[in-house]
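Student:
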Amino acid sequence: MKVLLIGNGGREHALAYKIAQSSKVEKIYCSKGNGGTAVEEKCENVNLSTIEELANFAEENKIDLTIVGPEKELCDGIVDEFKSRGLKIFGPSKEAAKLEGSKAFSKDFMRKYGVKTAEYGNFDNLDEALRYVERCEIPVVVKADGLAAGKGVIIASTREEAIDAVKELMENRTLGDAGKTIVIEEFLEGVEASILSITDGEVIIPFISSKDHKAIGEGNTGLNTGGMGTIAPNPYCTDEVLKDFSENIMIPTLEGIKKENLDYIGIIFFGVMITKKGVYLLEYNVRMGDPETQVVLPLMESDLVDVIDSAINKNLKNIKVLFKNAYACCVIGASKGYPKKYEKGFEITGIDNSKAKTFFAGVKEEDGKLLTNGGRVLGVTSIGKTLEQARANAYAGIENIKFDGMYYRKDIGK
Ligand code: AMP
Ligand code: GLY
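Residues in the sequence shown are numbered consecutively from 944, following our numbering.
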């Protein structure tokens, strides 16, 4: 098989690494890929930009399967375009991708199908939104409706902050059209879990649970990032929590997908909050998490390409997705200054994949040298029989890696 993999982050490097392990796969084109996918077995980077360019490439090169990493292309309708040309692709349709692309749409979907979630209101009128935050309970959460690369959620701990957040999004349009409509919702207290899963529209099979560490600082302090590290399985996802998740979130979601006739064959990633009052759904993502993928896929025993094929053939009900009875830990190395301004172009040294695997994100290769090229630069993943062992190996790996201004959290999985 020839596979086209879309995306250029750490998630896509981990996907490429896992897909390459399938004996069915002979070649993986990564667009645009990064310094990691450039040297991974069976992989070659290609530089394609628009959906049309990607579809033309798939046609001309007789690609057997296209796998989409990021939400952007899915929300822009890449799956619809590929399918209309008879090209095999794995991912939700444009309409189904609204479960991530529009928070107002997804909250209404949750309410309609009884998926347990925070109380909320959707607003497209500034005065109404302001009237609401002037009397609602505080803290409150203000969210931009559209895609905002992780910048669209403001947790307001005072009324002034809530009012400011509404004005910034709706009046000043700090996030552009993403803030034309907003969601204002109840603040939930608890611990978060990421549950990636796969669906063929008929069943949903959850993968092993994982836990992200979103804040830049140790002890979960400071600004939110795309994710500074992950562990799997998530220690808070007990059997009881998973049962609650299944009954109150996963099953009603599947019901909704069927009743709405959403053409959904792809990854569905549930971001949940485990609270004293049970498990709540914070959000749907229509793609894998980054850096969740970097711990979930290394633990997956099944052949990912087989699993994806089963989904495309609507045959998930007849398969099992197997995971190792082990733990994984991924520690992200970031550029100094991230998630705010940072510099790029520093040489990276000390990568050794013998005990832990390094997945590249913001890394490019130039004249045989590896250079930093983003905020989150790389992630080191290790597996262990215990979480402690996985952590120790991941940290041993990242401690050897050097680049100017390198920063990583020391408490991932602690
Ligand atoms: P979302 O994009 O909706 O997952 O929100 C991003 C992050 O904001 C989540 O991972 C949570 O840390 C936080 N968050 C979102 N909604 C809530 C809520 N209702 N209560 C508390 N924290 C929230
Ligand atoms: N790590 C969180 C996400 O991928 O959305």
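Idealized CB from N, CA, C, for every residue including glycine.
1) Using the three-state DSSP reduction, which class does M1113 fall into: helix, strand or coil?
2) Verify whether the separation of the beta carbon atoms of T1009 and L947 is less than 8 Å.
3) Does the beta-carbon distance from E955 to G1012 come in below 8 Å?
4) Where the beta carbon is closer than 5 Å to any heavy atom of the ligand GLY, which residues qualify, in chain order?
5) At a cut-off of 7 Å, would you count L1131 as near the ligand AMP, judging by its Cβ distance to the nearest heavy atom?
6) What span of residues does the alpha helix (DSSP H) with C1018 cover, start to end?
7) Identify the continuous beta strand (DSSP E) that holds M1053 and give its terminal residues.
8) Measure the Cβ-Cβ separation of L1139 and F1130 and say whether it is below 8 Å.
9) Is there at least one non-hydrogen atom of the ligand AMP closer than 7 Å to the beta-carbon of M1113?
10) Please state whether DSSP places P1195 in a helix, a strand or coil.
11) Only counting the same chain, and skipping five residues up and downstream in sequence, which positions put a Cβ closer than 8 Å to that of Y1227?
12) For V1229 and E1014, what's the separation of their Cα atoms in angstroms?
13) For R1028, does the three-state DSSP call read helix, strand or coil?
14) Residues in the same chain with beta-carbon distance under 6 Å from Y1350, minus the five sequence neighbours each way, listed in chain order, please.
15) At a cut-off of 7 Å, would you count L1017 as near the ligand AMP, judging by its Cβ distance to the nearest heavy atom?
16) Return yes when the C-beta of G1221 is under 7 Å from any heavy atom of the ligand AMP, and no when it is not.
17) Specify the secondary structure class of G1122 as computed by DSSP and reduced to three states.
18) Measuring straight from C-alpha to C-alpha, what distance separates E969 and A963?
19) Straight-line CA distance for S1153 to G1172?
20) In the structure shown, what three-state DSSP assignment does V1229 receive?
21) Please find out if some non-hydrogen atom of the ligand AMP comes closer than 7 Å to the beta-carbon of A1061.
22) Would you be able to state if there are at least three C-beta pairs under 8 Å between the stretch 1250 to 1264 and the stretch 1281 to 1290?
23) Find the nearest neighbour of K1267 within the set K1257, E1161 and M1243, judged by alpha-carbon distance.
24) Closest by CA to D1310, which one among E1104, E1290, E1080 and V1248?
25) Give a single yes or no on whether V1096 has its beta carbon closer than 7 Å to a heavy atom of the ligand AMP.
26) Buried or exposed for L1166, please, with buried defined as at least 16 other CB atoms from any protein chain shown within 10 angstroms of its CB.
27) Hey, G1232 and D1155 are a contact pair by Cβ (cut 8 Å); roughly how many whole angstroms apart?
28) With a threshold of 7 Å (Cβ to nearest heavy atom), would G978 be considered close to the ligand AMP?
29) With contact counted as at least three CB pairs below 8 Å, one residue from each stretch, are the stretch 1331 to 1346 and the stretch 973 to 985 in contact?
30) Indicate whether A1072 and V1083 have their beta-carbon atoms separated by less than 8 Å.
31) Quick one: what does DSSP say T1101 is sitting in, helix, strand or coil?
32) So is E987 buried or exposed if we call it buried at 16+ other beta carbons inside 10 Å?
Tutor: Here's the rundown:
1) Position 170 of the sequence shown, counted from the start, is the residue given in the question as residue 1113. Helix, per DSSP.
2) Walking along the sequence shown from the start, residue 1009 turns up at place 66. Walking along the sequence shown from the start, residue 947 turns up at place 4. For T1009 and L947, yes; Cβs fall inside 8 Å.
3) The residue given as residue 955 occupies position 12 in the sequence shown. The residue given as residue 1012 occupies position 69 in the sequence shown. Their beta carbons are under 8 Å apart, which means E955 touches G1012 by this criterion.
4) D1155, G1170, G1232 and D1233
5) As a working mapping, residue 1131 is identified with position 188 in the sequence shown. Indeed, a heavy atom of the ligand AMP lies less than 7 Å from the Cβ.
6) As a working mapping, residue 1018 is identified with position 75 in the sequence shown. Unbroken alpha helix (DSSP H) run through C1018: E1014 to C1018.
7) Taking the sequence shown and counting its residues from 1, the one referred to as residue 1053 is at position 110. Not the beta strand (DSSP E): M1053 falls in the alpha helix (DSSP H), residues K1046 to K1055.
8) As a position in the sequence shown, residue 1139 is number 196, starting the count at 1. As a position in the sequence shown, residue 1130 is number 187, starting the count at 1. No; because the gap between Cβ atoms is not below 8 Å, this pair is not in contact.
9) In the sequence shown, counting from the first residue as 1, residue 1113 sits at position 170. M1113 Cβ: outside cutoff for every heavy atom of the ligand AMP.
10) Position 252 of the sequence shown holds residue 1195. Three-state result, P1195: helix.
11) Walking along the sequence shown from the start, residue 1227 turns up at place 284. Here the set comprises L1042, E1043, S1049, T1196, I1211, F1212, F1213 and G1214.
12) Residue 1229 sits at position 286 when you count from the first residue of the sequence shown. Residue 1014 sits at position 71 when you count from the first residue of the sequence shown. Each residue's Cα considered, the two are about 6 Å apart.
13) As a first step, residue 1028 is located in the sequence shown; it is residue number 85 there, counting from the start. The answer is coil: DSSP assigns R1028 none of H, G, I, E or B.
14) In the sequence shown, residue 1350 corresponds to position 407, counting from 1. Cβ neighbours of Y1350 beyond the five flanking positions: A1277 and K1279.
15) Here the question's residue 1017 lines up with position 74 in the sequence shown. The answer is no for L1017.
16) Along the sequence shown, read from residue 1 onward, the residue named residue 1221 stands at position 278. In this structure, G1221 has its CB at a distance of at least 7 Å from all heavy atoms of the ligand AMP.
17) Numbered from its first residue, the sequence shown carries residue 1122 at position 179. Here G1122 sits in helix by DSSP.
18) Residue mapping note: residue 969 aligns to position 26 of the sequence shown, counting from 1. Residue mapping note: residue 963 aligns to position 20 of the sequence shown, counting from 1. Using only the alpha carbons, I get a separation of about 8 Å.
19) Stepping through the sequence shown from its first residue, residue 1153 is reached at position 210. Stepping through the sequence shown from its first residue, residue 1172 is reached at position 229. The straight-line gap from Cα to Cα measures roughly 10 Å.
20) Numbered from 1 along the sequence shown, position 286 holds the residue referred to as residue 1229. Looking at V1229 - three-state DSSP - the assignment turns out to be coil, as it is neither helix nor strand.
21) The residue labelled residue 1061 in the question sits at position 118 within the sequence shown. Yes; taking the cut-off as 7 Å, the Cβ of A1061 has a heavy atom of the ligand AMP nearer than that.
22) no
23) Start at 1 with the first residue of the sequence shown, and residue 1267 comes out as number 324. K1267 has its Cα closest to that of M1243, out of K1257, E1161 and M1243.
24) Stepping through the sequence shown from its first residue, residue 1310 is reached at position 367. The option with the nearest alpha carbon to D1310 is E1290.
25) Residue 1096 sits at position 153 when you count from the first residue of the sequence shown. It does: the Cβ of V1096 is within 7 Å (strictly closer) of some heavy atom of the ligand AMP.
26) Locating residue 1166 in the sequence shown gives position 223, where the first residue counts as 1. Classification of L1166: exposed, given that the 10 Å Cβ count is below 16.
27) The residue given as residue 1232 occupies position 289 in the sequence shown. The residue given as residue 1155 occupies position 212 in the sequence shown. Yes, G1232 and D1155 are in contact; Cβ-Cβ is about 7 Å, under 8 Å.
28) On the sequence shown, residue 978 is found 35 positions in, with the first residue counted as 1. False, no ligand heavy atom lies under 7 Å from that Cβ.
29) no
30) What you label residue 1072 is simply residue 129 of the sequence shown in a count that begins at 1. What you label residue 1083 is simply residue 140 of the sequence shown in a count that begins at 1. Contact flag unset, no.
31) To locate residue 1101, count along the sequence shown from 1; it is residue 158. Reduced to three states, the DSSP call for T1101 is coil.
32) For the purposes of this step, residue 987 is taken as residue 44 along the sequence shown, with counting starting at 1. Exposed is the call here.
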